[in-house]
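Q:
Protein chains: 2
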Amino acid sequence: MPGTKEPQAERRRQILAAAYRVAAERGLTGLRIGEIAARAGVSHGLVLFHFKSKRGLLLALLDWLLASTTVLHVGPDILALESPFDQLRALLRQEMDRLSSEPQRTRLTFDFWSASIRDATIRSKMRTEFDRYRAAFRPLADAVIAAHPARFRGVTGAALAAVSVSFIKGCAVQSMIAVGQFDIAEYLVAAERLILEAPARSSARPPSRVRAASRR
Amino acid sequence: MPGTKEPQAERRRQILAAAYRVAAERGLTGLRIGEIAARAGVSHGLVLFHFKSKRGLLLALLDWLLASTTVLHVGPDILALESPFDQLRALLRQEMDRLSSEPQRTRLTFDFWSASIRDATIRSKMRTEFDRYRAAFRPLADAVIAAHPARFRGVTGAALAAVSVSFIKGCAVQSMIAVGQFDIAEYLVAAERLILEAPARSSARPPSRVRAASRR
DNA sequence: TTGTGTATTGACTGAACAGTCAATACATTC
DNA sequence: GAATGTATTGACTGTTCAGTCAATACACAA
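If you read the sequences in order, they're chains A and B. For the first sequence, my numbering assigns the number 1 to the initial residue and increments by one for each residue that follows. For the second sequence, my numbering assigns the number 1 to the initial residue and increments by one for each residue that follows.
#1: Alpha carbon to alpha carbon, how far is L57/A from Y133/B? Give it in angstroms, no decimals.
#2: Rounding to the nearest angstrom, what Cα-Cα distance links A38/B and A40/A in this structure?
#3: Curious, which full-length beta strand (DSSP E) runs of at least 3 residues does the region 104 to 190 of chain B contain?
#4: Any Cβ of chain A within less than 8 Å of the Cβ of Q174/B?
#5: Output the residue ranges of the alpha helix (DSSP H) runs that lie fully inside the region 61 to 104 of chain B and measure 4 residues or longer, sorted by chain position.
#6: Near D24/B, which residues of its chain fall below 6 Å by C-beta distance, leaving aside the five closest residues on each side in sequence?
#7: Rounding to the nearest angstrom, what Cα-Cα distance links P149/B and K52/B in this structure?
#8: Can you give the Cα-Cα distance for R89/A and Y187/A, rounded to whole angstroms?
#9: Quick one, which residues of the region 96 to 125 of chain A are near chain B if we go by CB-CB under 7 Å, in chain order?
#10: Expressed to the nearest angstrom, what Euclidean distance is found between the alpha-carbon atoms of R12/A and K125/A?
#11: To the nearest angstrom, how far is the alpha carbon of L66/A from that of R21/B?
#12: Residues of chain A with a CB under 7 Å from the CB of A178/B: which are they?
#13: Quick one, are the C-beta atoms of R127/B and I177/A less than 8 Å apart?
#14: Could you tell me the distance, in whole angstroms, from the CA atom of A223/B to the CA atom of R98/B?
#15: Can you look up V42/B in the DSSP assignment and give me helix, strand or coil?
#16: On the CB-based measure, 16 or more other CB atoms within 10 Å of its CB, does Q87/A come out buried or exposed?
#17: Please name the residue, chosen from Q8/A, A159/A, S164/A, R193/A, that lies closest to D91/A on a Cα-to-Cα basis.
#18: If you draw a straight line from the alpha carbon of D77/B to that of F167/B, how long is it in whole angstroms?
#19: For F182/A and A9/A, what's the separation of their Cα atoms in angstroms?
#20: Kindly give me the distance between the Cβ atoms of S116/B and R123/B, rounded to whole angstroms, as I take these residues to be in contact under 8 Å.
#21: Let me see if you follow: with CB-CB separation under 8 Å, is M1/A close to chain B or not?
#22: Between S43/B and the rest of its own chain, which residues show a CB-CB distance below 8 Å, the 5 nearest in sequence each way excluded?
#23: Let me confirm a value: A30/A is counted as buried when at least 16 other C-beta atoms fall within 10 Å, else exposed. Which label applies?
#24: With burial defined as no fewer than 16 other Cβ atoms inside 10 Å of the residue's Cβ, what is the status of D111/A: buried or exposed?
#25: So for G56/A, helix, strand or coil by DSSP?
#26: Is the CB-CB distance between L61/B and E95/B below 8 Å?
#27: Using a Cβ cut-off of 8 Å (strictly closer), state whether L160/A contacts chain B.
#28: Pick out whichever of R26/A, E129/A, H50/A has its Cα sitting closest to the Cα of T69/A.
#29: Would you say K54/A lies against chain B (beta-carbon separation less than 8 Å)?
#30: If I measure Cβ to Cβ from R138/B and keep anything under 6 Å in the same chain, skipping five residues before and after, which residues do I get?
#31: At 8 Å on the CB atoms, spell out the chain A contacts of T69/B, in chain order.
#32: Taking CB distances under 8 Å as the criterion, tell me whether F137/B reaches chain A.
#33: Please state the DSSP three-state secondary structure of G34/B.
#34: Are R193/A and R151/B close, meaning C-beta to C-beta below 8 Å?
#35: How big is the Cα-Cα spacing for D63/A and V74/B?
#36: Using a cut-off of 7 Å between C-beta atoms, extract the partners of R151/A located in chain B.
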């Protein structure tokens, strides 16, 4: 005996929320329409009614995941920093913190990356997202290059942005596998010193603009 | 009517080889005992006979994959470089080249990473491999720190090694998703300038030891 | 009230697969 | 050449799922 009706959009939302919870726990491979339905408190058939097929649900879930992921935000506190180097460094830190503070979301995203290897549709969606993410780094990357033309002679803003993204993704990958054993704080310090020539700790000396640019 | 007998080890090898091919094409999720058997030219039942269960086969495949992956090798040409910075840079380049020259293997490894999120046994194996990989970077990382004590004050060799690995993994991830569109050569140049303060191109000036160390 | 379209259910179907097993072939030892 | 142990097959089983569908309930309009 069919239950109470809900407006279409609302039902979809409920089901997607349940799907997200299941996917976060069991992974994309362990995603079962039956379990999603149970969690959403509806029938198996209804899930198919709203999403047409399992694949349809999967793609909707991906859209939902991407849409609800915070877009890279370069806030005022970052813009307030003097040198582009400092800004880029602050941005990296912010992003790594964000990824590690949302392990479920990060793991699910990772699952979709993996799926994207063999699925063209998923890949295309992921790529769009990747591009957007990289593009958000672009202005800063350009600024860094402009501030240090000699050092970055021949380096494009695109490539520099790509490298920045790599750091973040690579860090995420490692922290996912080596849970606990991988100290993000320590990692960040090392990354900063290595990449972006950090100023000495607790010194009052102005940040990074000190060097480079004077080269060659 | 049962076919000709093969020595146990040899059969396992044949089946694993077939499993690798199937996994490379279809991914771990698409791995089917039936298809593996067909490719190996044996029966479905025989695969189970030799590997006990699908999971057994999966773990054996992982062992095989890890065992057959080239261990990080710091060759004489790298050791010949003067400064630790240059050595580390050369090593990064070598590894990125290697990963991108074996896309199938890299993709499969990626698949296993993904599986490791939800499977403790796989995770443990992957972690061991990760540790080994990171450990191989360790001596160089230590050398870099020793060469620039001021710059890396408070940074451990472990963290520096972890960052190096991140670069490589992050690069691999991006190049897998943004196939074609992602220019590894350009990426490498950017990474080198950003991370390791590259010497100016085609200049005869001695490498990196120039700076840092003098700081503070 | 009647009618119409949409939402919802639960039972059913069929396919895909992992795993089992008895039968059989081969190799080796005695 | 009989006996024994191991490899190999193919048919079978049971389960797990995605997807279908007819029946039904609800909302709303006429």
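No residue lacks a Cβ here, since even glycine has one placed at the ideal position from N, Cα and C. None of the values given here were measured: they were computed from a predicted structure.
A: Reading from the atomic positions:
#1: 38 Å
#2: 41 Å
#3: none
#4: yes
#5: 76 to 79, 84 to 101
#6: Looking at the sequence shown, residue 24/B is not Asp but Ala. Excluding positions up to five away in sequence, the list reads Q104, L108.
#7: 54 Å
#8: 13 Å
#9: R107, F110, D111, W113, S114, S116, I117, R118, R123
#10: 20 Å
#11: 32 Å
#12: R127, F130
#13: yes
#14: Residue 223/B lies beyond the stretch modelled for chain B, which goes from 1 to 216, so this question has no answer here.
#15: coil
#16: buried
#17: One detail in the question is off: residue 91/A reads as Leu in this sequence, not Asp. Taking only the C-alpha atoms, the option nearest L91/A is S164/A.
#18: 22 Å
#19: 41 Å
#20: 4 Å
#21: Confidence in M1/A is poor, its pLDDT being 42 and thus under 50, which makes the residue's placement too unreliable to answer from.
#22: A37
#23: Per the sequence presented here, residue 30/A reads as Gly, with Ala not at that position. Counting Cβ neighbours within 10 Å, G30/A comes out exposed, since fewer than 16 surround it.
#24: buried
#25: helix
#26: no
#27: yes
#28: E129/A
#29: no
#30: G157, A161
#31: Near T69/B there are no residues of chain A at all, since even the closest Cβ is about 16 Å away, more than 8 Å.
#32: no
#33: helix
#34: yes
#35: 43 Å
#36: R193
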